[in-house]
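Taken in order, these protein sequences are the chains called A, B, C and D. When we follow the numbering used here, the leftmost residue of the first sequence carries the number -6, and every step to the right adds one. When we follow the numbering used here, the leftmost residue of the second sequence carries the number -6, and every step to the right adds one. When we follow the numbering used here, the leftmost residue of the third sequence carries the number 4, and every step to the right adds one. When we follow the numbering used here, the leftmost residue of the fourth sequence carries the number 4, and every step to the right adds one. Yeah, the Cβ is synthetic: ideal placement off N, Cα and C, and Gly gets one too. Taking it in order: structure first as structure tokens, then the write-up.
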Amino acid sequence: MFKEYNPLQESMFQVIDNHGKVINDKWMPKIEDKQLLKFYKDMLFARTADLQIVSYQRQGRIFTYPPNYGQEAIAAAAGVHIRENDWLVPAFREMGTMLAKGVTLKELFLYFMGYEDGSAFTKAKNTLPISVPIASQLLHAAGLGYAIKYSKKDEVVYGFVGDGGTSEGDFHEALNFAGVWSVPVIFIIQNNQYGISTPTHMQTASSSLAVKAVAYGVKGIKVDGNDFFAMYKAIEESVKVCRDGKGPVLIEAVTYRKGAHTTSDDPTKYRTKEEEEMWEERDPMKRMKAYLISKKLWSDKEEEKIIPQYKEEVDRQFIEAENYGPYPKEDVFKYLYADTPDDLKDQEHEYDRFLQWKNSKLK
Amino acid sequence: MFKEYNPLQESMFQVIDNHGKVINDKWMPKIEDKQLLKFYKDMLFARTADLQIVSYQRQGRIFTYPPNYGQEAIAAAAGVHIRENDWLVPAFREMGTMLAKGVTLKELFLYFMGYEDGSAFTKAKNTLPISVPIASQLLHAAGLGYAIKYSKKDEVVYGFVGDGGTSEGDFHEALNFAGVWSVPVIFIIQNNQYGISTPTHMQTASSSLAVKAVAYGVKGIKVDGNDFFAMYKAIEESVKVCRDGKGPVLIEAVTYRKGAHTTSDDPTKYRTKEEEEMWEERDPMKRMKAYLISKKLWSDKEEEKIIPQYKEEVDRQFIEAENYGPYPKEDVFKYLYADTPDDLKDQEHEYDRFLQWKNSKLK
Amino acid sequence: MVNAINDALDIKLAEDKSVIVYGEDVGVEGGVFRVTEGLQKKHGVERVFDSPLAESGIVGTAIGMAVAGLRPVVEMQFCGFIYPAFNQIISHATRMRNRSRGKLETPIVIRMPYGGGINALEHHSESMEAIWGHIPGLKVVAPSTPHDAKGMLISAIESNDTILFMEPKRIYRAIKQEVAEGKYTIPLGKANLVTQGKDVTVVAYGAMVREVQKAIVMAKEAGISVELIDLRSIYPIDKETIVKSVKKTGRLITVTEGPRTYGVGSEISQIALEEAFLHLEAPPARVAGFDVIVPLPKGEHHFMQDPYKIFYEIERTVKY
Amino acid sequence: MVNAINDALDIKLAEDKSVIVYGEDVGVEGGVFRVTEGLQKKHGVERVFDSPLAESGIVGTAIGMAVAGLRPVVEMQFCGFIYPAFNQIISHATRMRNRSRGKLETPIVIRMPYGGGINALEHHSESMEAIWGHIPGLKVVAPSTPHDAKGMLISAIESNDTILFMEPKRIYRAIKQEVAEGKYTIPLGKANLVTQGKDVTVVAYGAMVREVQKAIVMAKEAGISVELIDLRSIYPIDKETIVKSVKKTGRLITVTEGPRTYGVGSEISQIALEEAFLHLEAPPARVAGFDVIVPLPKGEHHFMQDPYKIFYEIERTVKY
Ligand SMILES: Cc1ncc(C[n+]2csc(CCOP(=O)(O)OP(=O)(O)O)c2C)c(N)n1
Ligand SMILES: Cc1ncc(C[n+]2csc(CCOP(=O)(O)OP(=O)(O)O)c2C)c(N)n1
Ligand SMILES: [Mg+2]
Ligand SMILES: [Mg+2]
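See below:
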């Protein structure tokens, strides 16, 4: 596959077209109907949550949030393949994979509401917290890859980054280290066409992002990120490469951020209606749904029925997060060091004394 | 040329073979005999100086110095093309180009003896000082390129880096910015096979360094850096590209550091005699000399005659540098800010008082 | 303050063709805080533009431009994202003149919103100016009002040094103030005596000035007269203004947002020690952040300096 | 000291399979100062190896390894070359535990030669520990003897925190000292009372300890009794030891190599202010570098702390 879709040839790996029709039988993955339906529903859940969160934000109930809207197929496909012991190294727009790893919506909500507790994943194993400094997390992925290889474990690392992130030096160093060390890491670039307001062609003059694999001597492939089947297959093949000790792999997943960058961004400033409409036709959910409907596996009616259930579930978890309670003062000091130094303890005691004084003043 | 020697095809651009025989007529540059001789002599001067410096260092007359020994053709070829108003952005192993720009040996000596004055080039225009933090200088080259384009000047930037330097994030960011901005910068990688003790194949898994150009959508070429004619031609073509507004260009110049990394390094720890012997046959000076002798432009006798003159000149400049005198205390404080802040002035005054006290004590 | 900064940039762009403004999303969008809004339209895409997402690249290329005679004003999107550029700042921007013995200069302004109080995610709320102040060759300033922001930014752009221009984003839109039209400058390196007082000197800058002013109201009620100095410049420090005031009041408190240890406060105290030891009636005290990572929004109030905390320290120091 | 550090690494590599040593040229060559000499041969190329030339890459990958349970000990070739890794240190290594509320840890040791005095080129001689000490979540230590170096490094490798281990390269081979064989630890965060005295407390660390010792000889001749504290740990600071001493002597001097402003000295002074104000008989003073870039070798003597400078300040403070 990596030979057939050599990024130097500038072709994009696709399996279905915009209408959900299979156009690439050779690489159409074999997935059981039941499974397939589950994957679609996972995406549907993610999208429902996403849209819901935007409305919470409008109500002032959450500060900021980066929607996955339009990019669901990528994180979902990774979520299908990632195992319990595989490592997930997210950027911040990979809800589907995080949920698949066992991160709960409530935890995500806690994080975006402003509690670090949202990153102390209670169920998800081998999952790094959301990483805000762009591209920096990819080096952690490379290091995890080294640890896996060193310990001779059968694990794979999934490291995510955006198109904008490919401009950072850390992207380069991560791919380069992983290449030299030949470690089992799948680097997935979600090329959603923009880094906030900056279009991908202003990030780099290279003919694609996948082609950057050549600079590191690693396998690379450009995939239609709005084509669930293509993403499914590309990741499946990448996992094989990694488990065979032939990693890393670089995947450019071509997609579109249908929503705003974060809930405080206004995309009308930097993109056109025409562009948005063009991408609307490539919407990953619509395409997969069309496929499912053509196979009689799904219908609008079923979808209409299930969405309210999802909304309810999202709401339930959101409200749980909203009622999480006050932020314990102790938590400000507790996690900096394995053993809190005396001086830091003194700072906490001094703060206690001040709080007491303040409370007495306010009474 | 950049099509013919596309780095993806993994061929190396050469013009003469190890015996100085022209093997690539098509790309043999047209250079007048007199000129050619001058270029050879420049290289000879550089090599003489280099070997001389190593012996100064053994005598404890200079602290540390990174020899150019074996890499002379690259810097010399760049030196031929670089104009007075072109910008030179050196790493630290480009003596030939620096001399061509008008930096004096004495200035280089002053620098390596430990005087900043050695970087206040009195004659060389548009030349940046030696840059120690690996690869960081390439971003300056990209920025200079932007300034040239912005001011619509007819200038070219020559930015140097080593093979080890290609691993740094700044290498990536510099190539990427230059690519996006499409600025007139020639990036020259001196691939001398090692970064101190680390061989190039441990720096990157890519098939060559030139191929990294693809990641930035810029022209790239792998050149035999020990072949003066090939380097001459490659830079000539790169300059054209840049002056046509089609830059940047990335050149990988394949060479070998015949000497130690710096005068305090011991290469026998990390390389074999066989390897050194293999590269001895590709020595750039020998190859060019063989060519010149075959054309009856040069002879061993002439070389034997001229080397002592060069040695004398090197020695003269070295001794001038050695007698440069004490380092004025004022210079420690003077160049930090356009106007020295009061507090810093106070620090200087306080130091004066201390020195007075100390002198009185020591009497 | 957003408008005042925009105004300063606009004035300098119009006046001097060597001024160039770039950074992440500063062009088309006008920056995530809209500080550069409208400037690209007005001054063209070659002078105000979006760069690739790479901070080392932004500062590193600015160094090249500056050496060639331009005056780049670059933006770091948030204080937590300047660190990839650390090497270019400490190894080159602040050293080029010294390294070349005055031959090359790097007149660069690095603008950067800093500080807490806007309910942002991790890395968006730090105040690490002590780190920057410790770097030889760098000037570090922070305005506390729109008026100062405009005058100081114009001075910064006209300076031949590399300047870190820290913008207290918490008060980007909080302070309404008439800002004089047209061009004026405020010299960098001079503090501003905001309020005269006799019992205690309080030194602050950026968003903390406003917090101190609230505490001063409380202090007044308690019969304490506070002298407030807006430091404006974190490096160099205007020792004269501080020392004069401390000699008068005999007491000193610094109010800063960053972590306490090795923070700005202790340096100001040291100045008082060195220049006014015998005038001190109480130990110079600090209101400063804890030595912790700024908590996420729900915990941020624990970290931030509120007027009560400042007043608490004022009272303690005066009663010492 | 080189041997002592090598010994500590050797012991931990032998004892604990999760310890991994890498960095630029640390493998085959054994590092530019030969600190890691022989370790690759003994422990294998998977455990001691050369990395690509990229500091952010070195620290960034160490974070990934550490999260997965390894204990990477990485080397920065010189103090001036750690800055490309600044972002990984301040944004991740020091934050992972806090960010994940204790779920993830990053036990990483970053070894780095620092300080002046070896006639090196630019970027090789800096002492910027104040910057590192200001970063929440980081521990910063510097040994002053081979004995301490070994014990402190073993402690550092066994710690679950990220530790910047600063090695005073000026005394890498200068101090001859019998170092105990086998494993021992020296707790991080505790200062060492090197010499008792009664007139003045001097606080130093790293290569400065030896310089102070020379000044103490001069002071003795002048009839001044000096108490010398080797701080050992720049963060956290052992306040207790300092305060106890200052209460006894009533006078404090700090001796540090880095730039004076926002340096380590003022923080130590502030501690004396906060905890021993009424005991102070003279203003706590600093012997520190100027706020300049370390001059190249021919000018370096202007910058460095010599025993005379220290004695000069001792005398001034005692006579205050
Ligand atoms: C080092 C760094 N610089 C700047 C930012 C501010 N920032 C947050 S998201 C973003 C754009 C990211 O674009 P991309 O990588 O394409 O990811 P996307 O948001 O499109 O998923 C920027 C500049 C940051 N978080 N980190
Ligand atoms: C950022 C940085 N890291 C480390 C060093 C130390 N160092 C000096 S030269 C060198 C190797 C450079 O190798 P290469 O780029 O191949 O250049 P060469 O010396 O072979 O010409 C290293 C690691 C440095 N100067 N800067
Ligand atoms: Mg994007
Ligand atoms: Mg090399």
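Just the chain B side, please: which residues come within less than 7 Å of residue i by C-beta, in chain order?
{"i": "D/ALA394", "result": "Nothing about residue 394 of chain D can be read from this structure; chain D reaches only from 4 to 323."}
{"i": "D/GLY302", "result": "TYR320, ASP324 and VAL325"}
Alpha carbon to alpha carbon, what distance is there between residue j and residue i?
{"i": "C/LYS186", "j": "C/VAL38", "result": "18 Å"}
{"i": "C/THR244", "j": "C/MET221", "result": "24 Å"}
{"i": "C/PRO116", "j": "C/ARG213", "result": "17 Å"}
{"i": "C/ARG74", "j": "A/LYS215", "result": "40 Å"}
{"i": "C/LYS223", "j": "C/VAL144", "result": "29 Å"}
{"i": "D/LEU191", "j": "B/GLY252", "result": "43 Å"}
{"i": "A/LYS142", "j": "A/PHE170", "result": "13 Å"}
{"i": "C/THR165", "j": "C/THR97", "result": "6 Å"}
{"i": "A/THR265", "j": "C/VAL35", "result": "19 Å"}
{"i": "A/LYS99", "j": "A/GLN50", "result": "15 Å"}
In chain D, what lies closer than 9 Å to residue i by C-beta?
{"i": "A/VAL173", "result": "SER54 and PRO55"}
Which residues in chain A have a C-beta closer than 9 Å to the C-beta of residue i? List them in chain order.
{"i": "B/SER200", "result": "VAL207 and GLY210"}
{"i": "B/THR197", "result": "ASN169, GLY172, VAL173, ALA208, TYR209 and GLY210"}
Quick one: which chain C residues come within Cβ less than 8 Å of residue i?
{"i": "D/SER94", "result": "GLY83, TYR86 and HIS126"}
{"i": "B/GLU166", "result": "PRO55, ALA57, SER59, GLY60 and GLY63"}
{"i": "A/LYS354", "result": "TYR311"}
Ligand 1 and residue i: does the residue's C-beta get closer than 7 Å to at least one heavy atom of that ligand?
{"i": "C/ARG114", "result": "no"}
{"i": "A/GLY252", "result": "no"}
{"i": "A/GLY157", "result": "yes"}
{"i": "B/PHE326", "result": "no"}
{"i": "C/PHE84", "result": "yes"}
{"i": "D/VAL62", "result": "no"}
Since residue i and residue j should fall inside the 8 Å C-beta cutoff, what is the C-beta to C-beta distance between them, to a whole number of angstroms?
{"i": "A/GLU331", "j": "D/SER103", "result": "For the record, residue 331 of chain A in the displayed sequence is Ala; it is not Glu. With 8 Å as the limit, A/ALA331 and D/SER103 do not qualify as a contact, their Cβ atoms being about 14 Å apart."}
Determine the chain B residues that contact residue i at a beta-carbon separation under 8 Å, and present them in chain order.
{"i": "A/VAL204", "result": "VAL207 and ALA208"}
Residues of chain A with a CB under 8 Å from the CB of residue i: which are they?
{"i": "C/THR46", "result": "Residue identity differs from the one stated: residue 46 of chain C is His in this sequence, not Thr. Result: empty, since nearest Cβ-Cβ is about 18 Å, beyond 8 Å."}
What I want to know is whether the C-beta of residue i ends up closer than 7 Å to one or more non-hydrogen atoms of ligand 3.
{"i": "A/GLY188", "result": "yes"}
Does the Cβ of residue i lie closer than 7 Å to at least one heavy atom of ligand 5?
{"i": "A/GLN64", "result": "As for ligand 5, it is missing from this structure, which binds only ligand 1, ligand 2, ligand 3 and ligand 4."}
I'd like to confirm something about residue i: is its beta-carbon nearer than 7 Å to some heavy atom of ligand 4, or not?
{"i": "C/ASN6", "result": "no"}
{"i": "B/ASN185", "result": "yes"}
Could you work out which residues of chain D lie near residue i, taking near to mean beta carbons separated by less than 8 Å?
{"i": "C/ARG98", "result": "GLU125 and ILE296"}
{"i": "B/MET106", "result": "PRO300 and LYS301"}
Is residue i close to ligand 2? I mean its beta-carbon at under 7 Å from any heavy atom of the ligand.
{"i": "B/ARG86", "result": "yes"}
{"i": "C/PRO87", "result": "no"}
{"i": "B/PRO192", "result": "no"}
{"i": "B/VAL154", "result": "yes"}
{"i": "D/GLU125", "result": "no"}
Anything in chain D within Cβ reach of residue i, meaning under 7 Å, just list it in chain order.
{"i": "C/GLU270", "result": "THR264, TYR265 and SER269"}
Counting only Cβ pairs nearer than 7 Å, list the residues of chain C close to residue i.
{"i": "D/TYR238", "result": "THR264"}
{"i": "B/ASP43", "result": "Within chain C, no residue comes near B/ASP43; the closest Cβ sits about 23 Å away, beyond 7 Å."}
Identify the contact partners of residue i in chain C, using a Cβ-Cβ distance below 9 Å as the criterion.
{"i": "D/ALA133", "result": "ALA133, ILE134, HIS137 and TYR265"}
* Using a Cβ cut-off of 8 Å, which residues of the region 140 to 174 of chain D contact any Cβ in chain A, in chain order? -> GLY140, LYS142, SER162, ASN163 and ASP164
* **Near-chain D residues of the region 177 to 195 of chain B (beta-carbon distance less than 8 Å), N- to C-terminal order** => GLY188, ILE189, SER190, THR191 and MET195
* To do: Anything in the region -2 to 10 of chain B with a Cβ closer than 7 Å to a Cβ of chain A? List those residues in chain order, please.
  => LEU1
* Which residues, in chain order, does the region 315 to 339 of chain A contribute to contact with chain C at a C-beta distance below 9 Å? -> TYR317, PRO319, TYR320, PRO321, LYS322, ASP324, VAL325, PHE326, TYR328, LEU329, PRO334, ASP336 and LEU337
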